[in-house]
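Student: Quick one: this structure, given as structure tokens, is what I'll be asking you about.
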Amino acid sequence: MASHREGYHAVFDYDGRTGYEPISDTDRKEFHEQGFLLLRNVLTEDHRAALEEAVDRVYAEEKAKGNTTKDGTLHLLGFLERDELFGDLLTHPIAFPYMWGLAGWNIYTHHNHLDVTPPALEPEKPYWGWHQDGYRQNSDPETMDPNLPRPMFSLKVAYVLSDLSETGRGATKVIPGSHLWNSLPRPDDLTVHNPDPEGTVEITANPGDAFIFDRRQWHSRSTNLSNITRKMLFVGYTYRWIRPLDELHIDKDGEWWANRTPVQRQLCGEGTHTANYWGINWNGYIDDEIPLRKELKERGLLDRSIPWLR
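Take 4 as the starting number for the sequence shown in the working numbering and just add one per residue.
Shown next, in the form of structure tokens:
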């Protein structure tokens with residue numbers, strides 16, 4: 004596997020994409036209106052296959068440790084340092100522009116998980132899994148006005164490694180536009196099967212696709228009723244002044260860290276001092292040496308008309 008000394012793009016061919024191509028106004032508008040975007044063919048087939056191989060290796064390691072459920076499901080938090088390929092996903096040439104384009108330059112990954120969901124051993128049981136991500140972010144900043152949506156704070160990109168092109172394969176369900184709702188009616192009786200909320204969409208996707216969603220989007224897992232094992236990688240991004248949800252176990256003296264670019268190190272939580280996480284130096288002025296800001300500024304991609312890109 005090539006290191007950054009040999010060049011990331013020497014490994015997988017993304018037609019010269021750098022990760023710094025601005026997203027379109029159309030995509031930005033759709034994301035803000037719907038709360039999610041489905042992106043087709045984000046991963047090349049050789050990249051997807053290599054990621055799946057890495058996932059299978061990690062899965063075997065975790066299963067040997069007894070860390071899967073009785074039906075073989077694995078939900079592994081903080082997986083990035085488990086493979087060189089995972090670290091490079093932080094700045095994927097097609098997905099990364101959506102992260103800085105929708106959240107700005109003062110970001111890092113606070114939450115990421117590797118999911119392997121084999122076919123269910125039993126028929127689907129009554130289950131109500133609809134939720135918004137963020138835990139206390141859904142309570143602490145809330146106003147008394149139910150019509151005033153809470154802040155986004157974070158977003159995720161989900162890489163689809165297996166065939167989820169048909170419903171019933173354990174794909175994520177969402178309600179488009181629900182990121183602007185602070186609440187969702189909950190059925191009175193959760194011991195019986197309840198229909199999904201009106202407007203529910205199950206995100207069917209092909210291997211190599213990805214989808215991006217606002218953490219406020221009301222979403223739910225679904226039961227894998229097929230004979231296909233669902234394999235996905237989720238990488239979340241938030242502002243550097245928000246504490247991490249998952250703990251990364253990075254060996255700062257190891258090869259994985261040595262191979263990370265300055266921007267990727269920022270995205271793993273590196274900073275020079277506490278004020279730096281707030282985007283400033285101790286003098287109170289913006290720190291133009293923050294790696295992602297510096298990269299965007301040098302490329303002429305800062306934009307004062309977009310608050311998070313100022």
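Quick reminder that beta carbons are idealized off the backbone N, C-alpha and C, glycines included.
In this text, all values refer to a predicted model and were calculated from it rather than measured experimentally.
Should R31 and P96 be called a contact, given that it needs their Cβ atoms to be closer than 8 Å?
Tutor: Here the question's residue 31 lines up with position 28 in the sequence shown. Here the question's residue 96 lines up with position 93 in the sequence shown. Result no, Cβ atoms of R31 and P96 do not sit closer than 8 Å.
Student: Provide the residue(s) that pair with V119 in DSSP beta bridges, ordered along the chain.
Tutor: Locating residue 119 in the sequence shown gives position 116, counting from the first residue. DSSP, once it has assigned bridges, lists L77, K234 as partnering V119.
Student: Drop a sphere of 10 angstroms on the beta-carbon of V195, count the other beta-carbons inside from all chains shown, and report buried for 16 or more, exposed for fewer.
Tutor: As a working mapping, residue 195 is identified with position 192 in the sequence shown. By the 10 Å Cβ count, V195 comes out exposed.
Student: According to the neighbour-count rule (16 or more other Cβ atoms, all chains shown, within 10 Å of its Cβ), is E125 buried or exposed?
Tutor: Within the sequence shown, the letter at position 122 stands for residue 125. Around the beta carbon of E125, a 10 Å sphere encloses fewer than 16 other beta carbons of the protein chains shown; the residue is thus reported as exposed.
Student: K159 lies in the beta strand (DSSP E); which residues open and close that run?
Tutor: As a first step, residue 159 must be located in the sequence shown, where it is residue number 156. That run of the beta strand (DSSP E) goes 157 to 163.
Student: Got a sec? Which residues, its chain only, sit under 6 Å from R296 by beta carbon, not counting five neighbours each side?
Tutor: Along the sequence shown, one-based indexing puts residue 296 at 293. So the list reads W108, once near-sequence residues are dropped.
Student: Runs of 3 residues minimum, wholly inside the segment 233 to 272: which ones carry the beta strand (DSSP E) assignment?
Tutor: 233 to 242
Student: With the cut-off set at 8 Å, would you say Y17 and T47 are in Cβ contact?
Tutor: Here residue 17 is taken as the residue at index 14 of the sequence shown, counted from 1. Here residue 47 is taken as the residue at index 44 of the sequence shown, counted from 1. It is a contact, given that the beta carbons lie within the stated cut-off.
Student: Would the beta-carbon of R164 fall within 8 Å of that of V58?
Tutor: The count along the sequence shown starts at 1 and reaches residue 164 at position 161. The count along the sequence shown starts at 1 and reaches residue 58 at position 55. The question names Arg, but residue 164 in the sequence shown is Leu. It is a contact, given that the beta carbons lie within the stated cut-off.
Student: Counting Cβ pairs closer than 8 Å, one from the segment 184 to 203 and one from the segment 236 to 255, do we hit at least three?
Tutor: Segments in contact, no.
Student: Hey, quick one: how far does the alpha helix (DSSP H) through D30 stretch, first residue to last?
Tutor: Walking along the sequence shown from the start, residue 30 turns up at place 27. Where D30 is concerned, the enclosing alpha helix (DSSP H) stretches over 28 to 37.
Student: Any idea if P144 is buried or exposed, counting beta-carbon neighbours within 10 angstroms, 16 or more meaning buried?
Tutor: Residue numbering aside, residue 144 sits at position 141 when the sequence shown is read from its first letter. Per the 10 Å Cβ criterion, exposed.
Student: Mind checking R233: buried by the 16 CB within 10 Å criterion, or exposed?
Tutor: Counting from 1 along the sequence shown, the entry for residue 233 is found at position 230. Per the 10 Å Cβ criterion, buried.
Student: When DSSP labels each residue in this structure, what does L92 get in the three-state scheme?
Tutor: Working through the sequence shown from its first residue, we reach residue 92 at position 89. Three-state result, L92: helix.
Student: Spatial neighbours of H252 within its chain, please: C-beta separation below 8 Å, excluding the five flanking residues on both sides.
Tutor: Position 249 of the sequence shown, counted from the start, is the residue given in the question as residue 252. So the list reads G81, E84, once near-sequence residues are dropped.
Student: Can you tell me where the alpha helix (DSSP H) with D49 in it begins and where it stops?
Tutor: Residue 49 sits at position 46 when you count from the first residue of the sequence shown. 48 to 67 is the span of the alpha helix (DSSP H), which, as asked, contains D49.
Student: Take the Cβ of E301 as the centre, count every other Cβ of all protein chains shown within 10 Å, and call the residue buried at 16 or more, exposed below.
Tutor: What you label residue 301 is simply residue 298 of the sequence shown in a count that begins at 1. Exposed: under 16 other Cβ atoms inside 10 Å.
Student: With a 10 Å radius around its C-beta and 16 neighbouring C-beta atoms as the bar for buried, classify P100 as buried or exposed.
Tutor: As a working note, residue 100 is residue 97 in the sequence shown. The residue is buried, with at least 16 neighbouring Cβ atoms inside 10 Å.
Student: Are there three or more Cβ pairs, one per stretch, closer than 8 Å when the segment 125 to 134 is compared with the segment 303 to 313?
Tutor: no
Student: Between L88, V119, Y288, H116, which has its C-alpha nearest W259's C-alpha?
Tutor: The residue given as residue 259 occupies position 256 in the sequence shown. W259 has its Cα closest to that of L88, out of L88, V119, Y288, H116.
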